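Report on the structure given below.
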Amino acid sequence: MSAIMMWAPILIPLAGGLLVLPMRGKSGLREIVALLATLANLVVAIANFNSVGTWTGQWVGHGLDIVLLNYQFSAFILAAAASFALLVCLFCFRFMREKTSANQFFAYMLISLAMVDGAVLADHLVTLLFFWEGLLITLMGMIAIGRPGAFKTAVKAFVIVGISDLCLMFGMAMAGLASGTLVMSKMHLPVTDAFNALAFVLMMIGAIAKAGSMPFHSWIPDAAVDAPLPFMAILPASLEKLAGIYLLSRISLDLFQLTPESWLSPLLMIIGAVTILLAVMMALIQKDYKKLLSYHAISQVGYMVLGIGTALPVGIIGGIFHMINHAMYKSCLFLTGGAVEKQAGTTDLAKLGGLARKMPITFACFFVAACSISGVPPFNGFFSKELLYDAALDRHFIFYIAALGGSFLTAASFLKLGHAAYFGKRSSEHDNVREAPITMLLPMLVIAAACIFFGVHNSWPLRNLIQPVLGARLEGHDFAGWPHSMRLVWLTVAVLAGAIMNHIAGATVYGSGINAVDHIHYAPLLKPIYEQAERRAFDPYEIMLDVAAFIARGAWSVDRAIDWVYNRLAVGAAMLGSTFLKLLHTGDYALYVAWALAGAAIVVWYMVS
Amino acid sequence: MRSLLILLPLAGLILLNLPGGLLAGLALPAVAALAIFEIVLAVYLPTAAFPALEQVQQLLHLSTPLDSLARVLLLSIGIVMLASLLVLHATVKAQRRRFNVANVLLISLMGMNGVVLVHDLFSLYVFLEVTSVASFVLIASSGEDTGLEGAFKYLVLSAVATVLMLSGVAMMFLFAGSTDFSAVAAALQNNSGQLLLKIAIGTFGCGLLIKGGLVPFHGWLPDAYQSAPAAISVLLAGVVTKVSGIYALFRLGISVVGLQTFSPVLLAVGALSMVVGALLALRQNSLKRLLAYSSVSQVGYIVLGLGCAGMGGPAGKLGLAAAIFHLFNHTIFKTLLFVNSAALEQRTGTSDMSVMGGLGSRMPITSTSSAIAALSIAGIPPLSGFWSKLLLIIALWQAGLYAYASLAVFVSVLTLAYMLTVQRRVFFGKCREDLLSAREASGGIVLVEAALALVIIGVGVLMPYVMNSFLLPLKGGF
C-alpha cells in the first residue's frame, strides 16, 4: 500500500484540526470542515481495511526510525475510531454551536484522532511514544476549555496520564534494551525474568492508564463534570479505550509473551477485578447523569483488563470484543446524556424525571445501550461478558464472582439512572422539553443499531474483526454464536433478575428511582467508606498531592534552617568578629607599635627555633 | 636604560625648582610624561642605547636582568601614578599646592623605581626610606589635623620598620662582607645554621611586613589611607605599599634568602590579614577606611600566594604566578575603587557612606565602574580578580594547604558581602535630598574610571591570552 494511504489517517484529521483551530466565528464552517475531515478519514480507513503494508522513514538513524504498520488489528481500530469520530462530530454539529471555544474543541478532537491513528499505526516504540504523548496534550486542552475552573481538572489529568506515560517510556526503553530492537513487530520477549517482567509492568501501566483503569482513573469523573460533554463520548469512552486496550493487547500478545503461568497474568486480573468492583460501587451512588456514566467508563475497563489478563484465547477475544462493544454503548450513553443536557438544561438526576414521553427516541437509544452495558441478552454487551465470565471462571472462580457482582451493580445503577431520568415525576420546568434535533439523534440511533447488530449477529464482528487478531493462537476456536455454556447464561439471567427485583424493592421502599439503591449506599459498613470516597480520600491523585505537600513542607523547613545558617548564624558570627576587632582598634599608635613588635618577636622566635 | 627611571625624576626635580620658577607650570605634565615613559619601558623593554647609562647602572647597583616581576611592578607604578595625577588635577585647584605635590610625587616615583630596580640590600633600604618619607609628606600635604595624625602614625611605625631592617642588614653584612643580593645569598647558604642570620632574616622580613601593612603590623595603614588627600590615597593604596612592602618581600624571598625559609610565616600572616581585614571592612562607615581594610585583606591573598610559592614544586610555581597576577589585579581594582571614592568625595564632599545613597543614576560611570571593581575584587567570573583568585586557590589546594584554600574561598564571600554593602549604601536606594544635585565627576576622573574598568574586563575576558603570554612565562621564570 502506498505511503499516501498509510499517512492519510494521520494527516487528514491533523490538517482538519489545524484548519479549524483559527475559526473563531459562528459561521458553521468549522463544523463542516470537521465533518468532512472525519468523513474522509472514515473513507480512508475503510479503503485501507483489508490491506497490509509497512512504511519506514529514516529519522536519526541508530535504530531510531519512523515505522508505520497497517495490518488487520490496526485497521480494525482505525475504522472504529474513524466511525466514532464521525458520529461524535455529527452530534457536535448542533451541540457545540453556541459554545465559544468550539473551534478549539473541534481542533483538539481532530488532532486527538490523528494522534490515536498514529499510535495505532506505529510499529516503532519511539513513533508510538510520539503520538501517545501528543494525545496527552489534546486531552489536557479539551478538558481545559470546559466550564470555568476546569483547568485544575486538566492539570490533574495531565499529571496522572503524564506519570503513567513516563512509566511507559521507561518500559519502552527497557523492552528495547532487552530485545535489541525498537520495532514492535520484531519483539517477542518472554516475561520469565524479572527485567522483562518489570518492562511489561511499566508498559502495561501506560496502556491501562490511557484506558482509564484504576488507580489511574480519578481524573475521569472530574472531567465528566468539567469538560464539554462530547469530550467524554469521544476520548474516555471510545478513543482512549481503543488506544489503551489496543496497546495492552499488543504488549500482551506481540511484544511480550504473556502466559497464564506468569505472575503477571494474575496481577492484571486483580487490577481488572478491583477496577470493576470499586468503580461500579462508586457509580451506583452517583446522583448525576454524566458522573454516573464516567464511573462506568472506569468500571468497564476492568472487564477488558481482566479478560486480557487471563491470557486465554477466550478471555482475550472477550476483552477486545468488550472494548469495541463498550466504545459503542458508552459513547451512545454519553450522547444521550448530552441530548438530555442540551434539551433539559441539566444532568442532575434529582431535577430530571419523566423524560421518556418527551424524548422517546433518546430514551430508546438509552434503553438499548443500558441493556448492552448491563449484559442483557441479546445485546452486544451480553456476548462479550459471557466470554469474559467463561475465561474468568477458567482461571479462578473468585474472578468470576467479581465480574458477576460488577454486572449486578451495573444493572442496578442503570435501572436507577433510567428510572430517575426517564420515568417518575416530571418537574414542571421540563414540561416544554422537546426531542433532540436530528443531527444529535442520528449518531445515537446508528450506535444503538450497531449495539443490536453486534449482539444478534455477533459472528460478523467476531469472525471478521476480532478473532483474526489472535491468528494461530486461537487454536481453531470459534466463539461466535450463542454462548456454549448455558449454565453461565442462567446465572447471568438470575443476577439480572436479582438486580431488577432489588430495584423494584428499593424504589417501592424509598418511593423514587433515584433513591432505589440507598439501602446499599447507607448500609452499615459501606456508609462511612462511601463518605470518605465522596470526599476523595481514596483518590490516588489527592493522596499523592498530600504526600507531595508533606514533603514540600519538610523541604521548606530544611530550607528555612539552611537560610538561618546563612542569614543569621554566618552573618552574626561575622558581625561578632567584626565588632570585636573594631574594639581592638582604638586608634592608639602605641598599641599598634606594640602589636608590630610582638609580631616581630613571634616571627624572629619562629625563625630561630 | 633602566637607570633613566631613577635619573629622570631626579633631573625633573632639579629642573622644576630652577630659580625664578621658569618651568614650575610644567610640573604635572612632567610627572605624567615620566609615568607614561615608565609604562612604555615596562611594556617594550628597549635594550641599552648609551654605554654611559650602563655605567650609571652598575654604579647604582641595579639588578642585571630585569625580570617579569619587576616589569609588572614598573607597569603598575606608571599606571597608578598617571591615575593619581589625573585625580590630583581634578581635586586640587591651587597652583602652589599642585606644584608642591608634584615635586614630592617625583621623589616618590624615584624611590619606588629604585626599590624595584636595585640589587643591594642597603640600597633597597635607602630607596624604601625615600619612598616612605615622600609618603609622610604627601599624606600630610592637605595640612589638616587628620592628615598629620595619619602621617605621624605611618612615621612611627616606619621608624620601627627602619630599626628592624637596618639591624637585619647589619647582621647580614657581618657575615657576607657586602650587602649585594648575591653575596648575601651566598653567605646565607654557607652559614645556614647561624642564629644571627636567622634573626636577621626575621627582623628584615618584619620590617617589610610593616611597610606592607599586614596584620598584626597594619596599625598605621587605615589612618594613613583615610586621612590622605584623594589623589594620595590612590597612589598609596594602589602602589606605594605594594612596592615598598610586598614587592620587597618578593625580592627578598626570591633573590636573597629563598622563600622556603619563611613560607609558614608568610602563610600565617597572609591568612590572618585576609580574615581580619575582611572582617574589619564589614563594619566601616568611611568608604576610604573600608577600602583600606579591604587592601589589608587582599594583600593577605598575595602574601598567601607567596607563602604557597615557598612550598616548592609545580604548585609553588603556580602560587607565585597567581600571587604576582593578583598583585597586578589588586593594583588595578583598588586604584579604581579609590578613584571612585575620590569622585564621590569631589561631588559629595565626604567619604562617609552613611550620608550617601541613590547616587547610581546621578553618577553612572562611577557607579558602573565601582560595581565592576567590586565584582572583580570579590572574584566573580569573568573579571580579572576571579582568575587570579582561582589560580591562587588551585595552587594552595595542589600544595596540600586545604585549610588555607578553604579560608581563601570563605574570605571571598566576606569580600563580596562588604563590597556589595558599599554598592548598596552608596549607589542604590533612594537619593538623599541634599545629594539630588550631585552629578558625574569631572572628565579626568571619569576617564580613569572607564579605562581601569576596561582593563579589569579586558584582562578577565582575554584570560587565555594573558595566561599564555604573561602568566606561564612567569611560572617558569624563577
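So the protein lines, in turn, are chains A and B.
All the letters of the first sequence, read from the start, carry residue numbers 2 to 610 under my numbering.
All the letters of the second sequence, read from the start, carry residue numbers 4 to 481 under my numbering.
Virtual Cβ for every residue (Gly too), placed ideally from N, Cα, C.
What you are looking at is a predicted structure, and each value in this text was computed from that prediction instead of being measured.
Along the stretch 189-212 of chain B, what residues have a CB closer than 7 Å to any CB found in chain A? L198, K201, I202, I204, G205, T206, G208 and C209
V184 (chain A) by DSSP, collapsed to three states: which one? Residue 184 (chain A) sits at position 183 when you count from the first residue of the first sequence. Reduced to three states, the DSSP call for V184 (chain A) is strand.
What residues of chain A sit near K156 (chain B), judged by a beta carbon separation below 8 Å? As a first step, residue 156 (chain B) is located in the second sequence; it is residue number 153 there, counting from the start. Under the 8 Å cutoff, chain A gives Y590 and Y593.
Check V68 (chain A) in the structure and name its three-state DSSP category. Your numbering for residue 68 (chain A) matches position 67 in the first sequence. V68 (chain A) falls in the strand class under three-state DSSP.
Which of the three DSSP states, helix, strand or coil, is assigned to Q263 (chain B)? By 1-based counting over the second sequence, the position of residue 263 (chain B) is 260. Q263 (chain B) falls in the helix class under three-state DSSP.
By DSSP's criteria, H125 (chain A) is part of a beta bridge. Which residues make up the other side? The count along the first sequence starts at 1 and reaches residue 125 (chain A) at position 124. According to DSSP, which records beta bridges pairwise, H125 (chain A) is partnered with A:V184.
Does the stretch 366-373 of chain A come within contact of the stretch 328-337 of chain A, defined as at least 3 CB pairs closer than 8 Å? yes
Residues in its own chain within less than 6 Å of G245 (chain A) by CB, not counting five upstream and five downstream? For this step, residue 245 (chain A) is matched to residue 244 along the first sequence. So the list reads A208, K211 and A212, once near-sequence residues are dropped.
Please state whether the Cβ-Cβ distance between M360 (chain A) and A449 (chain A) is less than 8 Å. Counting from one through the first sequence, the residue named residue 360 (chain A) turns up at place 359. Counting from one through the first sequence, the residue named residue 449 (chain A) turns up at place 448. No, the Cβ-Cβ distance between M360 (chain A) and A449 (chain A) is not below 8 Å.
Presumed contact (8 Å Cβ cut-off) between L18 (chain B) and L26 (chain B), rounded CB distance: As a working note, residue 18 (chain B) is residue 15 in the second sequence. As a working note, residue 26 (chain B) is residue 23 in the second sequence. Their Cβ separation, rounded to whole angstroms, is 6 Å, which keeps L18 (chain B) and L26 (chain B) in contact under 8 Å.
Are any of the Cβ atoms in chain A nearer than 8 Å to that of F265 (chain B)? Residue numbering aside, residue 265 (chain B) sits at position 262 when the second sequence is read from its first letter. By this cut-off, F265 (chain B) is an interface position.
Select from the stretch 215-241 of chain B all residues with a C-beta closer than 9 Å to any C-beta belonging to chain A, and list them in chain order. L217, V218, P219, F220, H221, G222, W223, P225 and D226
Contact set between T565 (chain A) and chain B, taken where Cβ atoms lie within less than 8 Å: The residue you call residue 565 (chain A) lines up with position 564 of the first sequence. The residue asked about is misnamed: residue 565 (chain A) is Trp in this sequence, not Thr. Chain B residues near W565 (chain A): none, gap ~17 Å exceeds 8 Å.
Is there a Cβ from chain A that is less than 8 Å from the Cβ of R286 (chain B)? Translated into the one-based positions of the second sequence, residue 286 (chain B) becomes position 283. Among the CB atoms of chain A, one or more fall inside 8 Å of the CB of R286 (chain B).
Indicate the three-state DSSP secondary structure (helix, strand or coil) for S219 (chain A) in the structure shown. Start at 1 with the first residue of the first sequence, and residue 219 (chain A) comes out as number 218. Assigned with DSSP and collapsed to three states, S219 (chain A) falls in coil, not helix or strand.
In the stretch 556-580 of chain A, which residues sit with their C-beta less than 9 Å from some C-beta in chain B, listed in chain order? A571, V572, A575, M576, G578, S579 and T580
For L252 (chain B), decide whether its Cβ has a neighbour in chain A, counting only Cβ atoms nearer than 8 Å. If you number the second sequence from 1, residue 252 (chain B) lands on position 249. No, L252 (chain B) lies away from the interface with chain A (no Cβ there is under 8 Å from its Cβ).
Return the Cβ separation of S111 (chain B) and S138 (chain B) in integer angstroms, given the expectation that the two are a contact with Cβ distance under 8 Å. Position 108 of the second sequence holds residue 111 (chain B). Position 135 of the second sequence holds residue 138 (chain B). About 7 Å separates the two Cβ atoms, so the contact holds.
On the three-state DSSP scale, how would you describe S428 (chain A)? In the first sequence, residue 428 (chain A) corresponds to position 427, counting from 1. Here S428 (chain A) sits in coil by DSSP.
Please tell me whether L109 (chain B) has its Cβ less than 8 Å away from any Cβ of chain A. Position 106 of the second sequence, counted from the start, is the residue given in the question as residue 109 (chain B). False, the Cβ-Cβ gap to chain A never drops below 8 Å.
For S1 (chain B), which beta-bridge partners are listed by DSSP? One cannot answer for residue 1 (chain B) here, as it falls past the ends of chain B, which runs 4 to 481.
Paired residues, beta bridge with T57 (chain A) - DSSP: Sequence index remark: in the first sequence, residue 57 (chain A) carries index 56 (1-based). Per DSSP, the beta-bridge partners of T57 (chain A) are A:V68.
Buried versus exposed, by CB contacts within 10 Å (16 or more), N116 (chain B): In the second sequence, residue 116 (chain B) corresponds to position 113, counting from 1. Label assigned to N116 (chain B): buried.
Extent of the continuous alpha helix (DSSP H) run through N503 (chain A): Your numbering for residue 503 (chain A) matches position 502 in the first sequence. Start and end: M487 to Y511.
Report the residue from A:L285, A:L307 and A:V490 whose alpha carbon sits nearest the alpha carbon of H297 (chain A). Position 296 of the first sequence, counted from the start, is the residue given in the question as residue 297 (chain A). It is A:L285 whose Cα lies nearest to the Cα of H297 (chain A).
If you draw a straight line from the C-alpha of L362 (chain B) to the C-alpha of Y421 (chain B), how long is it? By 1-based counting over the second sequence, the position of residue 362 (chain B) is 359. By 1-based counting over the second sequence, the position of residue 421 (chain B) is 418. One C-alpha to the other measures close to 18 Å.
How would you label G406 (chain B), buried or exposed, when you count the other beta carbons within 10 angstroms and need 16 or more for buried? By 1-based counting over the second sequence, the position of residue 406 (chain B) is 403. Sequence check: residue 406 (chain B) is Ala here, not Gly. A residue is called buried once 16 or more other Cβ atoms fall within 10 Å of its Cβ, and A406 (chain B), having fewer, is exposed.
For S75 (chain A) and T493 (chain A), I'd like the C-alpha separation in whole angstroms. On the first sequence, position 74 is the one that residue 75 (chain A) refers to. On the first sequence, position 492 is the one that residue 493 (chain A) refers to. Computed Cα separation, rounded: 33 Å.
For chain A, is any of its Cβ atoms less than 8 Å away from the one on L290 (chain B)? The residue given as residue 290 (chain B) occupies position 287 in the second sequence. Closer than 8 Å: no.
Chain-ordered chain B contacts of G600 (chain A) [CB-CB under 7 Å]: Taking the first sequence and counting its residues from 1, the one referred to as residue 600 (chain A) is at position 599. The contacting residues are C209, P219 and F220.
Every unbroken alpha helix (DSSP H) inside the stretch 153-215 of chain A [4 residues or more]: With a minimum length of 4 residues, the continuous alpha helix (DSSP H) runs that stay inside the stretch 153-215 of chain A are 195-212.
Return the CA-CA distance between S258 (chain B) and R99 (chain B), expressed in angstroms with no decimal places. Residue mapping note: residue 258 (chain B) aligns to position 255 of the second sequence, counting from 1. Residue mapping note: residue 99 (chain B) aligns to position 96 of the second sequence, counting from 1. S258 (chain B) and R99 (chain B) have their alpha carbons spaced roughly 43 Å apart.
Beta-carbon proximity of A41 (chain A) to C90 (chain A), cut-off 8 Å: Position 40 of the first sequence, counted from the first residue, corresponds to residue 41 (chain A). Position 89 of the first sequence, counted from the first residue, corresponds to residue 90 (chain A). No, the Cβ-Cβ distance between A41 (chain A) and C90 (chain A) is not below 8 Å.
In three-state DSSP terms, what is Q105 (chain A)? For the purposes of this step, residue 105 (chain A) is taken as residue 104 along the first sequence, with counting starting at 1. Helix.
Endpoints, alpha helix (DSSP H) assigned at P31 (chain A): In the first sequence, residue 31 (chain A) corresponds to position 30, counting from 1. Here residue 31 (chain A) is Arg; the residue named in the question, Pro, does not match the sequence. Unbroken alpha helix (DSSP H) run through R31 (chain A): L30 to A48.
Rounded separation between M503 (chain A) and V496 (chain A) - CA only: Along the first sequence, one-based indexing puts residue 503 (chain A) at 502. Along the first sequence, one-based indexing puts residue 496 (chain A) at 495. Here the sequence assigns Asn to residue 503 (chain A), which means Met is not the residue at that position. Straight-line measurement puts the Cα of V496 (chain A) at about 10 Å from the Cα of N503 (chain A).
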